[in-house]
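Going by the working numbering, the sequence shown opens with residue 23, and the numbers climb by one from there.
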Amino acid sequence: MGHDYLDWPFFEARHGELARELDAWAADNLHDAHGRDADAICRALVARLGRDGWLRHAVGEQAIDTRAICLIRETLARHAGLADFAFAMQGLGSGAISLFGSEEQKRRWLPRVASGEAIAAFALSEPEAGSDVAAMRCAARREGDDWVLDGEKTWISNGGIADVYVVFARTGDGGGEGGRGSKGISAFIVDAGAHGLEIAERIDVIAPHPLARLRFDGCRVPADCLVGAEGQGFKVAMATLDVFRTSVAAAALGFARRAMDEALARAQSRPMFGKTLADFQLTQAKLAQMALEIDAAALLTYRAAWLRDNGKRVTQEAAMAKLAATESAQRVIDSAVQLFGGQGVQSGQVVESLYREIRALRIYEGASEVQLLIIARELLAPKV
Numbered sequence: 023m024g025h026d027y028l029d030w031p032f033f034e035a036r037h038g039e040l041a042r043e044l045d046a047w048a049a050d051n052l053h054d055a056h057g058r059d060a061d062a063i064c065r066a067l068v069a070r071l072g073r074d075g076w077l078r079h080a081v082g083e084q085a086i087d088t089r090a091i092c093l094i095r096e097t098l099a100r101h102a103g104l105a106d107f108a109f110a111m112q113g114l115g116s117g118a119i120s121l122f123g124s125e126e127q128k129r130r131w132l133p134r135v136a137s138g139e140a141i142a143a144f145a146l147s148e149p150e151a152g153s154d155v156a157a158m159r160c161a162a163r164r165e166g167d168d169w170v171l172d173g174e175k176t177w178i179s180n181g182g183i184a185d186v187y188v189v190f191a192r193t194g195d196g197g198g199e200g201g202r203g204s205k206g207i208s209a210f211i212v213d214a215g216a217h218g219l220e221i222a223e224r225i226d227v228i229a230p231h232p233l234a235r236l237r238f239d240g241c242r243v244p245a246d247c248l249v250g251a252e253g254q255g256f257k258v259a260m261a262t263l264d265v266f267r268t269s270v271a272a273a274a275l276g277f278a279r280r281a282m283d284e285a286l287a288r289a290q291s292r293p294m295f296g297k298t299l300a301d302f303q304l305t306q307a308k309l310a311q312m313a314l315e316i317d318a319a320a321l322l323t324y325r326a327a328w329l330r331d332n333g334k335r336v337t338q339e340a341a342m343a344k345l346a347a348t349e350s351a352q353r354v355i356d357s358a359v360q361l362f363g364g365q366g367v368q369s370g371q372v373v374e375s376l377y378r379e380i381r382a383l384r385i386y387e388g389a390s391e392v393q394l395l396i397i398a399r400e401l402l403a404p405k406v
């Protein structure tokens, strides 16, 4: 599939130039961005993306350009899932600092993350608090000039290889039953070498990525590691996720577009009963449905990105984009696997890798069911 969508009115000329330049760069630089050693590959990718200037788009040292982030994620995902992961996690891991950090925090961390010198991570989820952030139990208490953290975080991307974590912990009464609730949560910058921080477990998943469970046992950090105001951590987390939730949709688009490219090539080259696979109407109908789903998801994704870049609140639009793009990408990739027949489930095939890559996107940064609840909540909210 080409780049015709870059002519849509959501984009400025610079966005098209960015996407085409990155596409050429990726074709030359991501041949080795696949394999089981996700830690080593991701370290190398962060360094490479930082060296050649791509990470500065993810790390908000200046204004965050949501459309640029989305185009970069889509392009990288089309070439290599781990490249998209490496780029996105640098943005997500530093996003709270970009949006709410003090000038000193920004000076200390953002240039290092943007250059690829430091790997960043976002530590929000817990064993009993994933989509339900209000159930958070990791706690921080003030002791003199320090904060002391105790508890666990899990499913932390870049866990085990990160140099810095933005960690969310309860610092006060949440206002709900048993002290639960979204109030009373704060955000902290925790250096990976901090005493009391332990990588409790490395987590293996079907598409290899650096993931870990973190344990905080009397982990002491200076008071100036607090990001934003005390008790404003939920706001910090949601604002960070609002930027990158739309970009998850863009990554799903990248996977879907690659699956479409592979399916088209397969259908037009595969001999079948004296014809090619593409000559059969069932194949044509499947390809048409795949193209329809991709364009529909792309329109929702770049509408949300464009609105955010124009200063609009996009809670509903971002949820719609993530839901539509991830769910449709799953269907598109499944159709591509089907068109490949037995080869589609053979290890090492592109469509087999895409099938494993896409599944997690329907869960992380808000599962599809959560996106439905967000959309419904926005629809039912009183209109001002």
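Where is the CB? At the ideal position from N, CA and C, for every residue including glycine.
Model, not experiment: these values are computed from the prediction.
Between the alpha carbons of Leu67 and His56 lies a gap of roughly 11 Å.
In this chain, Ala245 is not harboured by any alpha helix (DSSP H), its DSSP state being neither H nor E. Contact between the segment 313-322 and the segment 345-355 is present: 3 or more CB-CB pairs across the two stretches fall below 8 Å.
DSSP places Lys334 outside both helix and strand once states are collapsed to three, so it counts as coil.
Under the three-state reduction of DSSP, Val258 is assigned to helix. For Asp213, same chain residues with a beta-carbon under 7 Å away, outside a window of 5 residues either side, are Val186 in chain order.
Rounded to the nearest angstrom, the gap between the Cα atoms of Gln303 and Ala289 is 11 Å. Residue pairing for Ile221: DSSP places it in a beta bridge opposite Leu236. Within the DSSP secondary-structure output, Lys297 pairs in a beta bridge with Met294. With respect to the 8 Å criterion, Ile396 and Ala341 are classified as neighbours on the basis of their beta carbons.
In this structure, the straight-line span from the alpha carbon of Cys241 to that of Val170 is close to 5 Å. By the Cβ-count criterion, Asn332 is exposed, with fewer than 16 other Cβ atoms from all chains shown falling within 10 Å of its own Cβ. Separation of Arg70 and Ala60 (C-alpha to C-alpha, rounded to the nearest whole angstrom) is 15 Å. C-alpha of Phe362 to C-alpha of Ala285: approximately 7 Å in a straight line. The residues Arg58 and Ala60, in chain order, have a CB closer than 6 Å to that of Pro230 in the same chain once the five nearest residues on each side in sequence are set aside. Ranked by Cα distance from Gly206, the first of Asn51, Glu339 and Gly253 is Gly253. Judged by beta-carbon spacing, Val81 lies beyond the 8 Å limit of Gln127, meaning their Cβ atoms are not closer than that value.
Considered as a whole, the segment 146-182 harbours 161-165 and 168-179 as its complete beta strand (DSSP E) runs of no fewer than 3 residues, in chain order.
For Ala191, the enclosing beta strand (DSSP E) starts and ends at Val186 to Arg192. Straight through space, the alpha carbons of Arg280 and Ala251 are spaced by roughly 43 Å. The Cβ atoms of Ile183 and Cys64 lie closer than 8 Å to each other. Look at the beta carbons and you see the segment 43-50 touching the segment 90-104: at least three pairs across the two are nearer than 8 Å.
In this structure, the straight-line span from the alpha carbon of Pro293 to that of Arg78 is close to 46 Å. Val212 has Tyr187 as its beta-bridge partners, per DSSP. Here Gly72 has Ser137 and Gly138 as same chain residues with Cβ atoms under 6 Å from its own Cβ, once five neighbours each way along the sequence are excluded. When beta bridges are read from the DSSP output, Phe302 appears opposite no residue. A residue is called buried once 16 or more other Cβ atoms fall within 10 Å of its Cβ, and Gly173 is buried on that count. Where Val227 is concerned, there is no enclosing alpha helix (DSSP H), because DSSP gives it neither an H nor an E.
Beta bridge pairing from DSSP links Phe144 with Val188. Comparing alpha-carbon positions, the option among Asn180, Ala326, Asp74 and Met282 lying closest to Phe33 turns out to be Ala326. Nearest to Arg192 by alpha-carbon distance, out of Arg164, Gln368 and Leu114, is Arg164. Pairing Phe256 with Asp154, the inter-Cα distance amounts to about 12 Å. The criterion of a C-beta distance shorter than 8 Å is satisfied by Phe210 and Val243.
Membership of Ala136 in the alpha helix (DSSP H) is indicated by the continuous run Glu125 to Ser137. Closest in alpha carbon position to Ile178, among Leu376, Ala310, Leu146 and Arg130, is Leu146.
Collapsing the DSSP output to three states places Ile207 in a strand.
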